[in-house]
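Working notes, structure below.
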Amino acid sequence: MRKKVYLLTFLFLIILFNACDNDEVNPLKDKGTIFVDSNPEKAAIYIDGKSTGKFTPGVVEVIAGIHHGSVKKDGFADAKFTAEVTVGNEFAVPPLTLFKYGVLQIKSEPEQAQIWINGNNTKSTTPNSFSLADAQYSVTLKYDEYKDSTFAVKIVDAQDTIVSINLQPKFVSKYSGVLWDTTNAANNQPSGLQLSTGRLLTIKPGTGQSKLVDLFFAPDGFGGFIVRSASGVNGMTRLTRFKVSKSKNINDGVNSPTEDATWRDSYLASNNNYVFLYDSEGHYSKFQIVRRFENPARIEIKWIYNDRPFDPAF
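Residue numbers in the sequence shown follow the working numbering, run continuously in steps of one, and reach 314 at the last position.
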């Protein structure tokens with residue numbers, strides 16, 4: 001009887017050892033592998049957010065199931081993949097193409113504007129640079145007391161791109177219109193302008209509009225035309241002063257110089273540069289002639305008005 005017990009125990013131990021040996025011989029009992037390759041090669045392989053310590057092309061051993069992976073290489077955008085691995089089998093990920101980053105450099109005036117890319121706050125401020133893959137991006141700059149500025153930027157062939165934005169203060173307003181030659185203009189063809197409201201007005205007496213006019217378009221008496229202050233003409237009293245700038249870009253973000261004795265009461269309508277204005281209520285503006293027309297003479301204009309008195313900021 002004792003011999004039978006020994007024999008059964010011996011057989012049990014043999015079976016147990018064989019089972020252990022089988023586990024060692026079949027390490028992929030509940031596993032499979034993932035083969036990952038990329039162009040360019042030598043990209044680090046990550047599985048489920050963790051580094052495998054391996055690089056492309058490479059094989060990674062994983063528990064059977066669905067896994068989410070990526071490959072990472074300096075100077076390139078990450079490439080992601082999903083692998084469904086079955087026991088004892090290899091899942092071959094289709095070759096991954098890595099795209100080089102381009103550098104987007106964003107500047108603003110004023111600086112320290114918050115930078116949002118594709119609706120996400122980058123937690124960074126201007127000036128700053130971002131490494132981005134080839135694509136089109138929506139960028140928004142935000143700054144207190146200034147209007148949000150949103151624009152599109154396209155990164156192509158990993159080229160570096162520089163964008164400079166002049167932020168528009170919330171306290172300024174933009175206007176445009178057409179002013180007509182006073183000598184031939186009808187009542188519905190205004191020669192005058194009220195800067196604060198954007199109204200285009202006639203300067204003809206008896207209309208009730210002339211007292212609101214800040215400046216108007218008129219012949220200069222020498223075959224040309226001027227834009228001049230309303231003060232002293234047809235009973236108008238509002239004095240506007242002019243200072244010609246050195247730029248044709250009215251949106252250059254440059255603040256006005258302070259009004260002084262060097263400012264004039266008119267300027268030649270042939271001048272292509274924009275002009276700083278200072279009106280009778282102490283408001284600064286930037287004014288520009290966009291186009292000129294003949295027969296009848298008229299000018300297309302645009303201007304930026306600062307709503308805050310005695311503030312030259314733009």
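In this text, a Cβ means the ideal position worked out from N, Cα and C, and glycines have one as well.
Task: DSSP-derived helix/strand/coil call for L212 - done: The answer is helix: DSSP assigns L212 an H, G or I state.
Task: CB of S270 within 9 Å of CB of G235, strictly - done: With respect to G235, S270 sits apart: the two C-beta atoms are not nearer than 9 Å.
Open item on the list: Strictly by DSSP, which residues pair up with E41?
Closed with: Answer is none; E41 lacks a bridge partner.
Open item on the list: Out of S149, D160, S229, which one is the CA nearest neighbour of G192?
Closed with: Taking G192 as reference, the option from S149, D160, S229 with the minimal CA-CA separation is S229.
Open item on the list: By alpha-carbon positions, which one of I162, E259, K42, L167 ends up nearest to P95?
Closed with: Of I162, E259, K42, L167, the residue nearest in Cα terms is K42.
Task: Expected contact under 8 Å - CB spacing of I34 and V71 to nearest Å - done: The pair is not a contact, with the Cβ atoms about 11 Å apart (cut-off 8 Å).
- [ ] Quickly, what does DSSP pair V139 with across the bridge? List them, please.
- [x] When DSSP reads this structure, V139 sits in a beta bridge with I117, F151.
- [ ] Pick out whichever of H67, S129, P40, Q168 has its Cα sitting closest to the Cα of K317.
- [x] This structure does not reach residue 317, given that the chain is present from 1 up to 314, and the question cannot be answered.
TODO: Determine the DSSP secondary structure at H283, reduced to helix, strand or coil.
DONE: In the structure shown, H283 sits in coil (DSSP, three-state: anything other than H, G, I, E or B).
Open item on the list: With a threshold of 8 Å on Cβ separation, who are the neighbours of A152 within its own chain once the five nearest residues in sequence on each side are excluded?
Closed with: Counting only Cβ-Cβ distances below 8 Å, and skipping sequence neighbours, we find Q136, Y137, S138, V139.
- [ ] List the endpoints of the continuous beta strand (DSSP E) containing R238.
- [x] Segment: none, R238 is in no beta strand (DSSP E) and carries neither H nor E.
Task: the segment 68 to 88 / the segment 112 to 119 touching (three or more Cβ pairs under 8 Å) - done: Output reads no: the segment 112 to 119 does not touch the segment 68 to 88.
- [ ] For the beta strand (DSSP E) containing Y274, list its first residue and its last residue.
- [x] From DSSP, Y274 is part of no beta strand (DSSP E); its letter is neither H nor E.
Open item on the list: In whole angstroms, give me the CA-to-CA distance for T207 and S280.
Closed with: Their backbone Cα atoms lie some 21 Å apart in a straight line.
Open item on the list: Is L277 close to chain B? Criterion is C-beta to C-beta, closer than 9 Å.
Closed with: This model lacks chain B altogether, as it is built from one protein chain only.
- [ ] Measure the Cβ-Cβ separation of V85 and G32 and say whether it is below 9 Å.
- [x] Yes, they are a contact pair.
Task: Per DSSP, cross-strand counterpart(s) of S333 - done: Within the shown structure, residues of the chain are numbered from 1 to 314, placing residue 333 beyond reach of any answer.
Open item on the list: If I measure Cβ to Cβ from S108 and keep anything under 6 Å in the same chain, skipping five residues before and after, which residues do I get?
Closed with: Answer for S108: T126, L141, I165, L167, listed in chain order.
- [ ] Would you mind sorting R308 into buried or exposed? The rule is 16 or more other CB atoms within 10 Å of its CB.
- [x] Flag for R308 reads exposed.
Task: Whole-angstrom distance between V178 and V290, CA atom to CA atom - done: Approximately 10 Å, taken between the alpha carbons.
Open item on the list: Which same chain residues end up closer than 8 Å to E145 when comparing Cβ atoms and leaving out the 5 residues on each side of it in sequence?
Closed with: Excluding positions up to five away in sequence, the list reads P169, K170, F171.
Open item on the list: Which complete beta strand (DSSP E) runs does the segment 40 to 72 hold, if anything under 3 residues is left out?
Closed with: Correct list: 44 to 47, 50 to 55, 58 to 63, 65 to 72.
Task: Buried/exposed call for P40, threshold 16 Cβ in 10 Å - done: Burial check for P40: the Cβ neighbour count within 10 Å stays below 16, so the residue is exposed.
- [ ] Just grab the DSSP bridge partners of F76 for me.
- [x] According to DSSP, which records beta bridges pairwise, F76 is partnered with K100.
TODO: State whether the segment 246 to 257 contacts the segment 195 to 214, with contact taken as three or more CB pairs (one from each stretch) at a distance under 8 Å.
DONE: Segments in contact, no.
TODO: Express the C-alpha separation of G221 and Y305 in angstroms, rounding to a whole number.
DONE: Cα atoms of Y305 and G221: separation of roughly 29 Å, rounded to the nearest angstrom.
TODO: For P190, count neighbouring Cβ atoms within 10 angstroms of its own Cβ and tell me buried if that reaches 16, exposed if not.
DONE: P190 comes out buried.
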